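To start, the structure itself, in structure tokens.
There are 2 protein chains.
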Amino acid sequence: MSLIVQKYGGSSVADAESIKRVARRVVETRKAGNDVVVAVSAMGDTTDDLIDLAHQIATIPDAREFDMLVTTGERVSMALLAMAIKDLGMDARSYTGSQAGMITDSTHGDARIVDVTPVRVREALDEGAIAIVAGFQGFNRDSKDITTLGRGGSDTTAVALAAALGADVCEIYTDVDGVFSADPRIVPKAHKLNYISSEEMLELAASGAKVLHIRAVEYARRQGVTLHVRSSFSDHEGTIVYNPDRAEEYEVEAAMIAGVAHDLSQAKITIAGVPDVPGKAAAIFTIVAEQGANIDMIVQNVSEQDTKVTDISFTLPKADAQRVLDAIASEGEQIGYASLRLTEDIGKISLVGSGMRTNIGVTAKLFTALKDAGINIDMISTSEIRISIITQADLVTEATRVIHTAFDLDGDAEAVVYAGTGR
Amino acid sequence: MSLIVQKYGGSSVADAESIKRVARRVVETRKAGNDVVVAVSAMGDTTDDLIDLAHQIATIPDAREFDMLVTTGERVSMALLAMAIKDLGMDARSYTGSQAGMITDSTHGDARIVDVTPVRVREALDEGAIAIVAGFQGFNRDSKDITTLGRGGSDTTAVALAAALGADVCEIYTDVDGVFSADPRIVPKAHKLNYISSEEMLELAASGAKVLHIRAVEYARRQGVTLHVRSSFSDHEGTIVYNPDRAEEYEVEAAMIAGVAHDLSQAKITIAGVPDVPGKAAAIFTIVAEQGANIDMIVQNVSEQDTKVTDISFTLPKADAQRVLDAIASEGEQIGYASLRLTEDIGKISLVGSGMRTNIGVTAKLFTALKDAGINIDMISTSEIRISIITQADLVTEATRVIHTAFDLDGDAEAVVYAGTGR
Chain H
334 MSLIVQKYGG
344 SSVADAESIK
354 RVARRVVETR
364 KAGNDVVVAV
374 SAMGDTTDDL
384 IDLAHQIATI
394 PDAREFDMLV
404 TTGERVSMAL
414 LAMAIKDLGM
424 DARSYTGSQA
434 GMITDSTHGD
444 ARIVDVTPVR
454 VREALDEGAI
464 AIVAGFQGFN
474 RDSKDITTLG
484 RGGSDTTAVA
494 LAAALGADVC
504 EIYTDVDGVF
514 SADPRIVPKA
524 HKLNYISSEE
534 MLELAASGAK
544 VLHIRAVEYA
554 RRQGVTLHVR
564 SSFSDHEGTI
574 VYNPDRAEEY
584 EVEAAMIAGV
594 AHDLSQAKIT
604 IAGVPDVPGK
614 AAAIFTIVAE
624 QGANIDMIVQ
634 NVSEQDTKVT
644 DISFTLPKAD
654 AQRVLDAIAS
664 EGEQIGYASL
674 RLTEDIGKIS
684 LVGSGMRTNI
694 GVTAKLFTAL
704 KDAGINIDMI
714 STSEIRISII
724 TQADLVTEAT
734 RVIHTAFDLD
744 GDAEAVVYAG
754 TGR
Chain V
334 MSLIVQKYGG
344 SSVADAESIK
354 RVARRVVETR
364 KAGNDVVVAV
374 SAMGDTTDDL
384 IDLAHQIATI
394 PDAREFDMLV
404 TTGERVSMAL
414 LAMAIKDLGM
424 DARSYTGSQA
434 GMITDSTHGD
444 ARIVDVTPVR
454 VREALDEGAI
464 AIVAGFQGFN
474 RDSKDITTLG
484 RGGSDTTAVA
494 LAAALGADVC
504 EIYTDVDGVF
514 SADPRIVPKA
524 HKLNYISSEE
534 MLELAASGAK
544 VLHIRAVEYA
554 RRQGVTLHVR
564 SSFSDHEGTI
574 VYNPDRAEEY
584 EVEAAMIAGV
594 AHDLSQAKIT
604 IAGVPDVPGK
614 AAAIFTIVAE
624 QGANIDMIVQ
634 NVSEQDTKVT
644 DISFTLPKAD
654 AQRVLDAIAS
664 EGEQIGYASL
674 RLTEDIGKIS
684 LVGSGMRTNI
694 GVTAKLFTAL
704 KDAGINIDMI
714 STSEIRISII
724 TQADLVTEAT
734 RVIHTAFDLD
744 GDAEAVVYAG
754 TGR
């Protein structure tokens, strides 16, 4: 008898009918002889509606109360799911984050899990019941206050429970069939991956792939939890996200190149005419750090021998761009530069695959494909298993397709995208 | 510095604007130099919506999960109210029933409070904060499960907190100005009572007056909590519901006759031709008791000397009537009767006032008034401070007005009824 943790996103429990469908799937899994623990998100847009309500009340809602408010969404869906399962004749019990022993630090809105003590969940399983746990939430032992885990929190809840309970697999149900070689919405020929290493999944998530949240993947990798990303709208097998300790089981099956991710959320800041003397870059990036912005790529071009000045460009989240630009401008004199420019219409495309380690020529093939398509590369960064390039925003779709084809990732069939609001 | 517990019903926190208005009132009370604890109901129809959802999921929703579900309503409103108060620059913290130490038995849906340990509420007050508590909910110490207090639960929460904290007064905010001498919706000249004894309030609530729930009044009486029923839509003084221990303060101010209540929720069952031998009535009312129905009035008319049979009539909640009727019919032979009749179009009118103890002729005046109006009395029952009569449903409005006038209860002005869905 194996233990399976299942996570259902908001689109999978959007209304009473969807909740009943999920209940049937949970019951099937139980009847197949497995212990089942379910982590569930809030119904459809509930969380967004609660957030709207909070902003009607206060411009900056109190963080503690905000968590108290938004955690009600998962409590509604978990109670309804437990009712639906009981209505099918199976025993089920729902637990809030604190009842399930999801202990976090005190960072309201973005709490980190510090301990998981699922005593009551374990009791429920021992008594043959299905345990339903509210995703996205925990509580802080010191303040005894309710906390939330931030974006993708329900995925993290599921992974944390799977780790604490020693589950055989953590199934993440969403509204697509699994992890794709590219976003099917812009690459219709993207194909579903049967297997991907957690390392590749991390790179894809970090490069803009939306299907899994990076924190949950990191947690699963650290804790050695095998993920199975699949659709709650079909019975198809999804994508197995495996860890190094189980590589031999899956690696042979896995593709050399996992896929292509794109990301339109970045902006570029260029500081031209910076004196090419030691400490200038340090000064600039200290200012950026003080603004709490995460820099993604950096390019510093070789300085002209005669002028002894250089240009520094870097990318960062659009949301932080203006703030950082102003900070640099205001503290500009201590740096000394000729001009400062913000470019927002850029896009990042990343090719990810552990095969890069052993296959030479991947970079060459990528650049050739883009050149043949007449697409200019603005910036480049690489990791051991990833190549990312920056190009104009309006060329991202074309570039992604070109790369997808060049690396033989195109599937035969068109990828099916199911209805639903996403995660 | 006094401690005031305030309770706001669903119509008082129906939307963001209402919640802000309530927040302003709470802050005013705090700024006036009082410690303030607030018990709050769910916003508007939230609870009904959650109940609908539960019934879309399961015909008979699991009781534990049902409580888990519906308690989210108060958590939303309490968090929003705390945000609104903080937005006004005052410190506020919201607490769930369990965080506030509202310990109950394990009767889901209708739990009884067994202990109140508001440690965190007290801490919040000591630190100068306003404490907001989710009404209607508690938790069971043994099962560690969330429970609900049944109808009027938020009133009970407020009263229980007031008792446990030794509050000076418990203010129950609703959408009318206070307790009226009759339902202003059917007696436009009903006037607001400034003072009423908890004993009279109990009789009025038991006789159909909706403004306060009987369980909360009982709790307040038992614990010696003074209630102040008032409107959250105006600044008018409301109605003080006082207990025997403070009678001397208020009694002189209180009226001899408190008011007239009406109740259309009862039905009447008449069993005709019952042999007038010992044990028959006992047999009948045992059957009724087995059906869990509460009998209100009973009339057994004197049996004819010759026939030695009698008729027995009693009233009970409409909801139980058919079930009880069937039970009597099925076990009828052991009783032996001529006919069985269910009458649903009846209404009860009750005149309540502690003055009845000392004033003779109240009954005579009541009957005369009804006779003059040509209204037939079907059944009668009295307590020390109440006279109730049963008449045809379609005569209830007229009868209530006639009695209201006969006992000089008519006010000069028309009673103002504020917008809102009631409690």
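If you read the protein sequences in the order shown, they are chains H and V.
In terms of the numbering used here, the first sequence opens at residue 334 and continues consecutively.
In terms of the numbering used here, the second sequence opens at residue 334 and continues consecutively.
The C-beta atom is built at its ideal place from N, Cα and C for all residues, glycine as well.
All figures in this text were calculated on a predicted structure; none of them were measured in a lab.
Where Ala457/V and Ile463/V are concerned, what is the direct C-alpha to C-alpha distance, given to the nearest angstrom?
-> By one-based count along the second sequence, residue 457/V stands at place 124. By one-based count along the second sequence, residue 463/V stands at place 130. Rounded to the nearest angstrom, the two C-alpha atoms are 7 angstroms apart.
Look up His376/H in the DSSP assignment and say whether it is helix, strand or coil.
-> Your numbering for residue 376/H matches position 43 in the first sequence. Just to set this straight, residue 376/H is Met in the shown sequence, not His. Met376/H falls in the coil class under three-state DSSP.
Where Asp501/V and Gly468/V are concerned, what is the direct C-alpha to C-alpha distance, given to the nearest angstrom?
-> Your numbering for residue 501/V matches position 168 in the second sequence. Your numbering for residue 468/V matches position 135 in the second sequence. Going from the Cα of Asp501/V to the Cα of Gly468/V covers about 19 angstroms.
Give me the Cβ distance between Ile465/V and Tyr506/V, rounded to the nearest whole Å; I'm assuming they're in contact under 8 angstroms.
-> Here residue 465/V is taken as the residue at index 132 of the second sequence, counted from 1. Here residue 506/V is taken as the residue at index 173 of the second sequence, counted from 1. Not confirmed; about 14 angstroms, so no contact.
Nearest chain H C-beta to Ala464/V closer than 8 angstroms, yes or no?
-> On the second sequence, position 131 is the one that residue 464/V refers to. Not one chain H Cβ lies under 8 angstroms of Ala464/V.
Compare the C-beta of Ile352/H against all C-beta atoms of chain V and say whether one is closer than 8 angstroms.
-> In the first sequence, counting from the first residue as 1, residue 352/H sits at position 19. Closer than 8 angstroms: yes.
Interfacial residues, the region 338-350 of chain V to chain H, with Cβ spacing under 8 angstroms | Ala349
Determine the direct distance from the alpha carbon of Glu717/H to that of Ala654/H, and round the result to whole angstroms.
-> For the purposes of this step, residue 654/H is taken as the residue at position 321 of the first sequence. For the purposes of this step, residue 717/H is taken as the residue at position 384 of the first sequence. About 28 angstroms.
Which class does Leu458/H belong to by DSSP, given the choice of helix, strand or coil?
-> Reading the first sequence from its first residue, position 125 is the one you call residue 458/H. Here Leu458/H sits in helix by DSSP.
Apart from the five residues on each side of it in sequence, which residues of its chain come closer than 6 angstroms, Cβ to Cβ, to Val558/H?
-> Residue 558/H sits at position 225 when you count from the first residue of the first sequence. Closer than 6 angstroms at the Cβ level, and outside the excluded window around Val558/H, lie Val492, Ala495, Ala496 and Cys503.
Rounded to whole angstroms, what's the CA-CA distance from Leu537/V to Arg690/V? Just pull it up for me.
-> As a first step, residue 537/V must be located in the second sequence, where it is residue number 204. As a first step, residue 690/V must be located in the second sequence, where it is residue number 357. Roughly 16 angstroms separates the two Cα atoms.
Closer than 9 angstroms, Cβ to any Cβ of chain H: which residues of the region 390-408 of chain V, in chain order?
-> Ile390, Ala391, Thr392, Ile393, Pro394, Asp395, Arg397, Glu398, Phe399, Asp400, Met401, Leu402, Val403, Thr404, Thr405, Gly406 and Arg408
Tell me, which residues are paired with Asn473/V by DSSP?
-> Counting from one through the second sequence, the residue named residue 473/V turns up at place 140. In DSSP, Asn473/V forms a bridge with Thr437/V.
Distance, Ala372/H Cα to Gly511/H Cα = In the first sequence, counting from the first residue as 1, residue 511/H sits at position 178. In the first sequence, counting from the first residue as 1, residue 372/H sits at position 39. So the alpha carbons of these two residues sit roughly 18 angstroms apart.
Selected residue, minimal CA-CA separation from Thr696/H, among Ile713/H, Lys641/H and Leu658/H | Here residue 696/H corresponds to residue number 363 of the first sequence, with the count starting at 1. Answer by Cα proximity: Ile713/H.
If you run the structure through DSSP and keep just helix, strand and coil, what is Glu570/V?
-> Taking the first residue of the second sequence as 1, we reach residue 570/V at position 237. Three-state result, Glu570/V: coil.
Which value, in whole angstroms, describes the spacing of the CA atoms of Val593/H and Thr733/H?
-> The sequence position of residue 593/H within the first sequence is 260, counting from 1. The sequence position of residue 733/H within the first sequence is 400, counting from 1. The straight-line gap from Cα to Cα measures roughly 7 angstroms.
Sequence-distant residues of the same chain with beta carbon closer than 7 angstroms to Ala415/H, five excluded per side | Position 82 of the first sequence holds residue 415/H. Answer for Ala415/H: Ala425, Arg426, Ser427 and Ile465, listed in chain order.
From the DSSP output, read off the bridge partner residues of Tyr528/V.
-> One-based indexing of the second sequence puts residue 528/V at position 195. Answer by DSSP bridge pairing, in chain order: Ile573/V.
C-alpha distance - Met534/V paired with Ala622/V, whole-angstrom precision | Counting from 1 along the second sequence, the entry for residue 534/V is found at position 201. Counting from 1 along the second sequence, the entry for residue 622/V is found at position 289. Met534/V and Ala622/V: Cα-Cα distance of roughly 27 angstroms.
In the structure shown, what three-state DSSP assignment does Tyr506/V receive?
-> In the second sequence, the residue the question calls residue 506/V occupies position 173. Three-state result, Tyr506/V: strand.
Per DSSP, which one or two residues make a beta bridge with Pro650/H?
-> In the first sequence, the residue the question calls residue 650/H occupies position 317. DSSP lists Gln599/H as partners of Pro650/H.
Closest by C-alpha distance to Ile573/H, when choosing among Ser439/H, Ser565/H, His561/H and Asp629/H | Here residue 573/H corresponds to residue number 240 of the first sequence, with the count starting at 1. For the residues Ser439/H, Ser565/H, His561/H and Asp629/H, the minimum Cα distance to Ile573/H belongs to His561/H.
Using the beta-carbon count (16 or more within 10 Å), is Asn473/V buried or exposed?
-> For the purposes of this step, residue 473/V is taken as residue 140 along the second sequence, with counting starting at 1. So Asn473/V ends up on the buried side.
Can you pull the DSSP bridge partners for Gly680/H?
-> Here the question's residue 680/H lines up with position 347 in the first sequence. In DSSP, Gly680/H forms a bridge with Thr724/H.
Asp743/H by DSSP, collapsed to three states: which one?
-> Stepping through the first sequence from its first residue, residue 743/H is reached at position 410. Three-state result, Asp743/H: coil.
Kindly indicate which three-state DSSP category Tyr670/H falls into: helix, strand or coil?
-> As a first step, residue 670/H must be located in the first sequence, where it is residue number 337. It is coil, neither helix nor strand.
So Lys353/V packs on Ala417/V, CB below 8 angstroms; how close in whole Å?
-> Taking the second sequence and counting its residues from 1, the one referred to as residue 353/V is at position 20. Taking the second sequence and counting its residues from 1, the one referred to as residue 417/V is at position 84. Right, the Cβ-Cβ distance comes to about 5 angstroms (below 8 angstroms), so this counts as a contact.
Do Ala626/V and Val607/V come within 8 angstroms of each other at the CB atom, strictly closer than that value?
-> Against the second sequence, residue 607/V aligns to sequence position 274. Against the second sequence, residue 626/V aligns to sequence position 293. For Val607/V and Ala626/V, no; Cβs fall outside 8 angstroms.
Where Ile628/H and Val452/V are concerned, what is the direct C-alpha to C-alpha distance, given to the nearest angstrom?
-> Residue numbering aside, residue 628/H sits at position 295 when the first sequence is read from its first letter. Residue numbering aside, residue 452/V sits at position 119 when the second sequence is read from its first letter. The alpha-carbon atoms of Ile628/H and Val452/V are separated by roughly 47 angstroms.
Using a Cβ-Cβ cut-off of 8 angstroms, state whether Asp653/H counts as contacting chain V.
-> Looking up residue 653/H in the first sequence gives position 320. Output row for Asp653/H: interface = no.
Rounded to whole angstroms, what's the CA-CA distance from Asp705/H to Ile723/H? Just pull it up for me.
-> As a position in the first sequence, residue 705/H is number 372, starting the count at 1. As a position in the first sequence, residue 723/H is number 390, starting the count at 1. Roughly 17 angstroms separates the two Cα atoms.
Which of helix, strand or coil DSSP assigns to Ile480/V = Here residue 480/V refers to the residue found at position 147 of the second sequence. Here residue 480/V is Thr; the residue named in the question, Ile, does not match the sequence. Residue state, collapsed to three classes: strand.
CB contact below 8 angstroms: Met416/H versus chain V | As a working note, residue 416/H is residue 83 in the first sequence. For Met416/H, the answer is yes, since a Cβ of chain V falls inside 8 angstroms of its Cβ.
Is the CB-CB distance between Gly680/V and Leu742/V below 8 angstroms?
-> By 1-based counting over the second sequence, the position of residue 680/V is 347. By 1-based counting over the second sequence, the position of residue 742/V is 409. No, Cβ-Cβ distance for Gly680/V and Leu742/V is not below 8 angstroms.
Please compile the residues from chain V whose C-beta is within a distance smaller than 8 angstroms of the C-beta of Ala375/H.
-> Along the first sequence, read from residue 1 onward, the residue named residue 375/H stands at position 42. The premise fails here: Ala375/H is roughly 10 angstroms from chain V at the closest Cβ pair, so nothing lies under 8 angstroms.
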